[in-house]
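Asker:
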Amino acid sequence: MPDRSVRRMVSVVVLYVVCVLTALAVAAVLIAMTGGPWRRVLTALLDGSVRNPGRWGTTITEATPILIVALGVIVSSRAGLVNIGQEGQLAMGTAAATWVAVNHRGPVALLFMLAAGFVGGALWAGLAAVLRYWRKVPEVISTLLLVFVASQITGWLLSRSFLLQYLEKGVQNQVQTSKQLDPTTRVGSVRLLGNAVPWTALAAVALAVAVGVLISRTRWGFRLTVLGRNPRTAQRIGVPVMIAGSTALMLGGAMAGLAGASMLAAGASGYRFTAGFSNNVGWEGLLVALVARNRPWACIPVAFVFGMLRTGSGFLAATGVPRSIAEVVRALLVMAMLVPPALMTLFDQRRRPAVAAAGTLATVAAGG
Amino acid sequence: MVGEVSASPTITLHGITKRYGSVVACDDVDLMLHPGQIHGILGENGAGKSTLMKILIGLVQPDEGHLLLHGRPVSVHDPQTAADLGIGMVHQHLSLVDELTVWENVLLGDHRRFDRGIARRQVADTAARYGLAIDPDVRVGDLSAGLRQRVELIKCLRRDPKILILDEPTSVLTPAESEDLFSTLRAAVVTEGRAVALVSHKLAEILHATDVVTIMRQGKVVEHRPTTGATALDLATAMVGRRVSLRSSAAALGATDDLDAGHGEPDTPEGSGTDPAAARPVVLQIDHARVLRHGVAVIDDLCLTLHAGEILGVAGVEGNGQRELGDLLSSLVHLDGGTVTVNGVTAHPGRAGSMAGLGVAVIPEDRHDSGCVLSMTVAENLLLDRIGSVSTMGFVRRTELRQRALALMDEFDIKGAGPDATFASLSGGNQQRVVLARELSHHPAVLVAAQPTRGLDVGAIEYMSARLRAAAASGIGVLLISTELEEILDLSDRIVVLSRGRVIGELTRAEATAERMGLLLGGMAEHA
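In order, the protein sequences belong to chains P and S.
Numbering of the first sequence is given in the working numbering, commencing with residue 252 and proceeding in unit increments.
Numbering of the second sequence is given in the working numbering, commencing with residue 334 and proceeding in unit increments.
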């Protein structure tokens with residue numbers, strides 16, 4: 252048995268190495284074709300994400316909301332629900348957070364702001380839960396489509412000065428942006444070896460541990476798992492399918508909203524809520540959960556790697572590679588991260604019937 | 334015997350044998366279908382009727398034997414060949430597309446180029462010729478079950494088949510619709526010289542609609558006779574066979590089982606059966622229960638009383654409400670009428686965990702469907718619904734979970750894997766023991782065992798039977814829902830028979846003769 256798990260480990264590592272090298276090779280070809288310094292892709296990515304002074308603090312700041320979103324994804328999928336609308340839940344949560352906090356100051360306002368993000372995201376995901384259990388609309392469709400509705404709504408909120416829009420005096424063309432957060436309602440940083448790390452990052456790591464314990468060590472998590480893996484059994488043993496499922500879906504949305512609020516408080520878009528504020532953090536959180544194969548603690552390093560891709564590709568663009576190509580490079584690397592878990596899942600599914608059959612044979616042999 | 338039919342047979346099946354592993358689905362079966370004759374094929378579940386028909390239309394290839402069409406040997410590789418040879422079948426589960434209209438459905442699968450106008454006229458003509466009035470432009474999804482069947486029949490008849498097979502055609506029809514169907518068959522098909530095979534388990538239907546009947550049991554043809562002169566009783570006896578008398582020897586075997594002996598409950602009618610049961614308290618009472626599925630009553634005015642310490646067998650041919658009865662007692666469907674009470678407390682069956690909460694343990698018909706979580710461990714599955722009892726402040730105590738599981742695995746002799754292996758890695762027999770162990774560990778008032786030995790080997794079947802007897806001996810009311818007549822006769826103190834979602838007869842074990850069981854299984858309520 253340990254032999255098989257070691258072999259499995261090795262094959263996963265080899266898969267990752269092959270995929271990442273392939274992605275880097277394709278990236279180098281792309282950059283060479285556009286006349287950029289293709290030899291220095293990897294160097295630039297590493298310099299920008301961890302090696303240059305102060306960079307890994309930035310990377311952690313970028314990774315924090317992604318990690319929180321991913322934890323929410325895990326809670327939803329534990330209940331067998333495919334919530335893919337984190338991008339919208341994050342935007343709606345941030346809108347709620349902005350509305351609560353933007354005209355107040357002080358740390359209490361900050362706490363209320365985080366709570367508002369949590370509630371806002373939960374309510375937005377709650378719409379999908381209502382559709383799911385009242386009209387049987389698959390949540391995978393409703394959560395996705397609600398992303399686009401959320402984007403329209405936040406755009407509208409930001410274009411009305413009595414709601415979220417901040418009108419700068421004496422400016423002709425007003426942009427869709429909120430007022431800047433008061434310095435007292437921002438998240439403070441811890442200085443570590445010359446890097447500024449927001450305390451939300453530490454809280455997010457603690458949250459990962461808490462979610463891990465919650466789903467694998469508690470009664471609630473146990474019942475949620477039963478629901479996710481066999482809803483009819485869950486119904487029979489007394490897990491209220493609608494309530495438990497809605498809770499899981501809303502918790503997923505709540506985490507996305509919380510991620511948005513923490514992002515805002517940590518300085519994203521210059522402490523302002525803007526159109527396009529979510530900037531793919533919702534989608535990337537979803538991907539992190541996928542790569543971590545729904546294991547909360549595994550999300551911590553994976554989210555860090557996704558943060559590295561963000562800061563690294565930003566730096567790559569600064570070395571003379573066109574911004575769009577830098578984005579393509581990042582996308583290639585994200586894909587490289589996704590291929591191994593997908594292959595492993597396929598592999599496991601192929602093997603499972605064989606294992607069951609072998610088990611039956613063994614018992615038959617033992618019985619006879 | 335059927336010598337009065339002068340015409341030569343349209344098709345002859347000779348020495349057909351089909352095996353699935355060690356199971357012989359059809360064993361040296363001979364069958365002749367004559368033109369102008371409706372040939373009934375009668376048998377219980379698993380008698381081999383469906384396999385035989387599948388061979389006839391090319392869905393299944395026989396291991397031995399051959400087919401003669403008008404005296405010439407033919408081989409039917411696939412349904413298309415069958416269609417080309419003029420063999421058409423109306424399936425039990427209709428294969429129509431709801432979104433399409435009647436004429437579109439009728440033409441579906443046709444290879445020829447078609448013209449809408451001609452096609453519609455053809456459909457209308459076929460319908461008119463057989464008196465199957467129907468509007469060709471209606472969406473099939475809007476039609477009743479009876480009319481859908483009519484569409485299926487028109488679809489089949491339009492191809493002008495020489496041989497027409499109807500597989501349990503009335504299972505979705507009301508009695509009036511069935512009546513219509515058979516008069517159509519008689520009036521039109523038979524006068525045109527087609528050969529018709531009518532597969533059914535309903536005695537009334539066979540008696541009413543067929544000219545000759547072939548009765549199958551356990552893959553063999555046990556009787557072949559003209560329908561005229563046959564009584565329901567004759568057919569019932571032939572269908573069910575002599576198993577009633579075999580029962581006593583089976584029971585004797587079971588009584589030697591160690592578990593049974595351990596509980597000191599002799600398995601005789603005097604010990605567990607007839608009189609004392611009625612005096613014991615009622616643990617489960619179902620009154621006029623009604624459950625609708627897609628607007629159709631799948632459980633219809635069902636009444637049932639279960640006493641403590643008895644095994645009540647619920648017999649019936651598959652698809653007569655057994656699955657829904659199991660679901661009802663598993664809190665999976667809600668009642669659309671009537672009441673269910675457990676130990677005198679009114680239950681709300683659709684509410685999550687309500688039946689389990691009242692002390693109704695269930696071994697489900699399909700344990701993978703609602704009896705377990707395949708990807709969780711054996712230990713977790715053993716304490717699936719008692720996780721609160723090994724938790725403090727909402728946190729699960731893993732070591733205690735494991736210890737409790739080990740104790741149960743020891744008590745119920747669950748082997749093959751440890752408590753930390755996944756449930757899926759266990760063999761079928763051990764999986765069933767896990768479910769049994771969990772359900773019995775609650776000291777339930779009622780144990781519902783739905784098809785508890787389906788798919789198990791002989792040893793596992795004996796174990797399960799002994800456990801069920803022991804459960805009853807310890808005072809649990811056992812409701813045994815099974816389509817296996819042997820199992821019912823072997824274990825039950827009392828027997829009720831389900832037909833179309835209601836109880837149509839109740840017998841004590843002593844009264845359960847082959848004749849009476851056969852009549853009830855064939856859907857004929859007792860007139861006595």
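Note that the Cβ used here is the ideal one computed from N, Cα and C, for glycine as well.
Suppose contacts are defined by Cβ-Cβ distances below 8 angstroms. Is Pro263(P) in contact with Met559(P) by that definition?
Answerer: A small fix is needed here, since residue 263(P) is Val in this sequence, not Pro. No, the pair does not count as a contact, with Cβ atoms beyond the cut-off.
Asker: If you scan the stretch 265-339 of chain P from start to end, which runs of the alpha helix (DSSP H) of 4 or more residues do you find wholly inside it?
Answerer: Correct list: 292-297 and 306-329.
Asker: Quick one: which chain S residues come within Cβ less than 7 angstroms of Gln600(P)?
Answerer: Those do not exist, as Gln600(P) stays about 12 angstroms from chain S at its closest Cβ, beyond 7 angstroms.
Asker: Quick test of your reading: Gly856(S) and Lys495(S), contact by CB under 8 angstroms. State the CB separation rounded to the nearest angstrom.
Answerer: With 8 angstroms as the limit, Gly856(S) and Lys495(S) do not qualify as a contact, their Cβ atoms being about 31 angstroms apart.
Asker: Determine the extent of the alpha helix (DSSP H) in which Cys359(S) is found, giving its start and end residues.
Answerer: Premise fails: Cys359(S) lies in the beta strand (DSSP E), Val356 to Leu366, not in any alpha helix (DSSP H).
Asker: Determine the extent of the beta strand (DSSP E) in which Asp433(P) is found, giving its start and end residues.
Answerer: Segment: none, Asp433(P) is in no beta strand (DSSP E) and carries neither H nor E.
Asker: At which residues does the alpha helix (DSSP H) containing Leu458(P) begin and terminate?
Answerer: Start and end: Trp450 to Arg468.
Asker: Mind listing, in chain order, the continuous alpha helix (DSSP H) runs of no fewer than 4 residues lying wholly within the stretch 758-815 of chain S?
Answerer: Qualifying alpha helix (DSSP H) stretches, in chain order: 761-773 and 791-806.
Asker: Less than 8 angstroms between the beta carbons of Val616(S) and Val779(S), yes or no?
Answerer: Yes, these two residues count as a Cβ contact at 8 angstroms.
Asker: Starting from the C-beta of Lys488(S), find all residues in its chain whose C-beta is less than 6 angstroms away, skip the five residues before and the five after it, and write them out in chain order.
Answerer: Closer than 6 angstroms at Cβ, skipping near neighbours: Val439.
Asker: Closer than 9 angstroms by beta-carbon distance: list the chain S residues that pair up with Trp471(P), in chain order.
Answerer: Within 9 angstroms Cβ-Cβ: Gly727.
Asker: Go ahead and label Arg411(P) buried or exposed: buried means 16 or more other beta carbons lie within 10 angstroms of its beta carbon, across all protein chains shown.
Answerer: Exposed, because fewer than 16 other Cβ atoms sit within 10 Å of the Cβ of Arg411(P).
Asker: DSSP three-state label for Ser578(S), please.
Answerer: Confidence at Ser578(S) is low in this model, with a pLDDT of 40, below 50, so its placement is unreliable and the value that follows should be read with caution. It is helical.
Asker: Quick check: the stretch 830-844 of chain S against the stretch 627-639 of chain S, are at least 3 beta-carbon pairs closer than 8 angstroms?
Answerer: Yes, they touch.
Asker: Please work out which residues of its chain come closer than 8 angstroms, Cβ to Cβ, to Leu813(S), disregarding the five sequence neighbours upstream and downstream, and give them in chain order.
Answerer: For Leu813(S), where only same-chain residues beyond five positions count, the Cβ hits under 8 angstroms are Ile644, Leu645, Gly646, Val647, Ala782, Pro785, Leu801, Glu820, Ile821, Leu824 and Ser825.
Asker: Report the three-state DSSP secondary structure of Gly646(S) (helix, strand or coil).
Answerer: The answer is strand: DSSP assigns Gly646(S) an E or B state.
Asker: What are the residues in the stretch 654-674 of chain S lying within 8 angstroms of chain P by C-beta distance?
Answerer: If the cut-off is 8 angstroms between Cβ atoms, the stretch 654-674 of chain S has Ser663, Ser664 and Leu665 near chain P.
Asker: What span of residues does the beta strand (DSSP E) with Arg442(P) cover, start to end?
Answerer: Element bounds for Arg442(P): Ser440 to Leu443.
Asker: Cα separation between Gln495(P) and Val391(P)?
Answerer: It is Ala, not Gln, that sits at residue 495(P) in the sequence shown. The alpha-carbon atoms of Ala495(P) and Val391(P) are separated by roughly 17 angstroms.
Asker: Starting from Met514(P), follow the alpha helix (DSSP H) in both directions and report where the run begins and ends.
Answerer: Counting along the chain, the alpha helix (DSSP H) containing Met514(P) begins and ends at Val492 to Ala516.
Asker: What does Val706(S) touch in chain P if you count any residue whose Cβ is under 7 angstroms from its own?
Answerer: Residues of chain P passing the Cβ test: Val477, Arg480, Asn481 and Thr484.
Asker: Considering only the alpha carbon of each residue, which of Thr503(S), Ile809(S) and Arg527(S) lies closest to His640(S)?
Answerer: Comparing Cα positions, the closest option is Ile809(S).
Asker: Less than 7 angstroms between C-beta atoms, sequence neighbours within five positions excluded: which residues of the same chain meet that for Gly565(P)?
Answerer: Excluding positions up to five away in sequence, the list reads Gly299.
Asker: List, in chain order, every chain P residue whose beta-carbon is nearer than 8 angstroms to that of Leu717(S).
Answerer: Near Leu717(S) (Cβ distances below 8 angstroms), the residues of chain P are Val477, Thr484 and Ile488.
Asker: Note down, in chain order, every chain S residue with its Cβ under 7 angstroms from the Cβ of Pro491(P).
Answerer: Within 7 angstroms Cβ-Cβ: Ala685.
Asker: What is the rounded straight-line gap between the Cα of Phe515(S) and the Cα of Glu848(S)?
Answerer: Rounded to the nearest angstrom, the two C-alpha atoms are 26 angstroms apart.
Asker: May I have the straight-line CA-CA distance separating Gly381(S) from Lys553(S), to the nearest angstrom?
Answerer: Between Gly381(S) and Lys553(S), the C-alpha separation is close to 8 angstroms.
Asker: Since I believe Leu518(S) is in contact with Ile420(S) (beta carbons under 8 angstroms), could you give me their beta-carbon distance rounded to a whole number of angstroms?
Answerer: Not confirmed; about 16 angstroms, so no contact.
Asker: What three-state label does DSSP hand Leu401(S) in the structure shown?
Answerer: Correct three-state label for Leu401(S): strand.
Asker: Short of 8 angstroms Cβ to Cβ, which residues in the stretch 383-399 of chain S face chain P?
Answerer: Per Cβ criterion, the list is empty.
Asker: Which same chain residues, not among the five before or five after Val522(S), have their C-beta less than 7 angstroms away from its C-beta?
Answerer: Excluding sequence neighbours, Val522(S) sits near Leu497 and Val529.
Asker: Using a Cβ-Cβ distance under 8 angstroms, would Thr846(S) count as near chain P?
Answerer: Judged by the 8 angstroms Cβ criterion, Thr846(S) is not in contact with chain P.
Asker: Which same chain residues, not among the five before or five after Met364(P), have their C-beta less than 7 angstroms away from its C-beta?
Answerer: Cβ within range, chain order: Ala348, Val351, Ala352, Thr436, Ala512 and Ala516.
Asker: Grab me the residues of Val729(S)'s own chain with a C-beta within less than 7 angstroms of its C-beta, minus the 5 sequence neighbours each way, in chain order.
Answerer: Ile720 and Val723, listed in sequence order.
Asker: Go to Cys489(S), then tell me how far its alpha helix (DSSP H) extends in each direction, as first and last residue.
Answerer: Counting along the chain, the alpha helix (DSSP H) containing Cys489(S) begins and ends at Ala478 to Leu490.
Asker: Can you tell me which of the three DSSP states Gln403(P) falls into?
Answerer: Gln403(P): helix per DSSP, three-state reduction.
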